[in-house]
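Residue numbers (our numbering): 7 to 351. No residue lacks a Cβ here, since even glycine has one placed at the ideal position from N, Cα and C.
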Amino acid sequence: MTYHASNTRYETMQYRQCGRSGLKLPLLSLGMWHNFGDTTPLATQREMLRTAFDLGITHFDLANNYGPPYGSAEANFGHLFKQDFQPYRDELIISTKAGWDMWPGPYGQGGGSRKYVLASLDQSLKRMNLDYVDIFYSHRFDPETPLEETMGALATAVQQGKALYVGVSSYSPEKTRETAELLKQWKVPCLIHQPSYNMFNRWIEQGLLDELERQGMGCITFTALAQGLLSDKYLNGIPDDARINRAGGGSLKSDHLSEENLQRVRALNDIAKARGQTLAQMALAWVLRDPRVTTTLIGASSSKQIRENVAALDKLSFSAGELAAIDKQAQDGHLNLWEVSSRHK
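In structure tokens, the structure reads:
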């Protein structure tokens, strides 16, 4: 059935300027880390993508190794893009990344080498049926490759017309500053940083947001819901359909679901109820409370979840009392799987 995007898709979504660039991003962007690989029916993926765009979500975020298996999220997106979204290409921001292991042999194990980064981008474009991506990221800092080489590869992607903008993910404040300075040599600004951030993982408050502001870079956070922990899913234990029990869901660890974390989840859920929101909606609003956060990624397994997440935008403001109550519970839950990358100074 031919897809025609909703005529009202821009009526309610809110957009923020991405740093000091001319680009605006929706407050919520659709992340395709989970649920867009071959383990999810293509019809479900199509419904989620259509729902997101119909609600004004113009940004679809991928990476070379999203799946499972690796590459399948990009391939599935490419198939659906060709069928549904090609007429809307100029209304979309499509991003991908390179940094983690992807193909066999020494040149496909990830990192920041020129060989790996540019080969990965070419593979991604082919899988997605695209001539270019809007944003191309270095997915992690690689201590084994000179940063000049990695940033030179990103600059080349822009110069070749294969990416409009570039960014980094999970870089420390110090390496973010160095990244910006290096890219200036090629007159290619670093548009955006993609860090993990949620109530139980607040590392970006310790210097990164300040550095992004100084550099004029935008910020797109991921794991706002702590991979589902900051939702009502785990209030009464671990359900059978939890991410931890699904293929590709190994990034949610059993120790993330500690009783200490779950007690805080229940307390935060009470605060959300008092606000007239679900816990997930409050968690998204909380991440967006700082205007330096341009957008936050949402993951979803159904169109219903996307609609519920977008409803978070109906109530973004917090009272001082609410923020103080949240702060008592929003403590480090030992969830930062990307700490090694973001620790390098």
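Considering only residues of the same chain and omitting the five flanking positions on each side of Leu55, which have a CB-CB separation below 8 Å? Leu36, Phe66, Phe83, Leu86, Asp90 and Phe91
Please look up how many angstroms separate the CB atoms of Thr4 and Ile226, rounded, as I've assumed it's under 8 Å. The chain is shown from 7 up to 351; residue 4 falls before or after that span and cannot be answered.
Classify His199 as buried or exposed, calling it buried when 16 or more other Cβ atoms lie within 10 Å of its own Cβ. buried
Look at the alpha carbon of Leu397 and the alpha carbon of Asp60, and state the distance between them as a whole number of angstroms. The chain is shown from 7 up to 351; residue 397 falls before or after that span and cannot be answered.
Rounded to whole angstroms, what is the Cα-Cα separation between Lys193 and Ala331? 45 Å
Grouping DSSP H, G and I as helix and E and B as strand, with all else coil, what is Ala169? DSSP, read as helix, strand or coil, puts Ala169 in strand.
Look up Val194 in the DSSP assignment and say whether it is helix, strand or coil. coil
Given that a residue counts as buried once 16 or more other Cβ atoms are within 10 Å of its Cβ, and exposed if not, what is His40? buried
Residues bridged to Leu36 (per DSSP): Phe66 and Ile304
Just how far apart, CA to CA, sit Val164 and Met157? Between Val164 and Met157, the alpha-carbon positions lie close to 11 Å from each other.
Three CB pairs or more closer than 8 Å across the segment 167-182 and the segment 300-312: Result no; under three Cβ-Cβ pairs closer than 8 Å.
The beta strand (DSSP E) with Gly224 in it runs from where to where? Gly224 to Thr227
What did DSSP end up calling Tyr21 once you bin it into helix, strand or coil? strand
For His340 and Val346, the rounded distance between their alpha carbons: 13 Å
Roughly how many angstroms separate the alpha carbons of Gln287 and Thr229, rounded to a whole number? 13 Å
Using a Cβ-Cβ cut-off of 6 Å (strictly less than) and excluding sequence neighbours within five positions of Ala232, which residues of its own chain qualify? Only Asn204, Phe206 and Leu341 meet the Cβ criterion.
Using a Cβ distance threshold of 8 Å, determine whether the segment 215-223 contacts the segment 274-284, with at least three qualifying pairs required. no
Backbone CA spacing between Ala273 and Gln335 [nearest angstrom]: 7 Å
What are the boundary residues of the beta strand (DSSP E) that includes Ile210? Here Ile210 belongs to no beta strand (DSSP E), and DSSP marks it neither H nor E.
Assuming Asn275 contacts Asp238 (C-beta within less than 8 Å), just tell me the rounded distance between them. 6 Å
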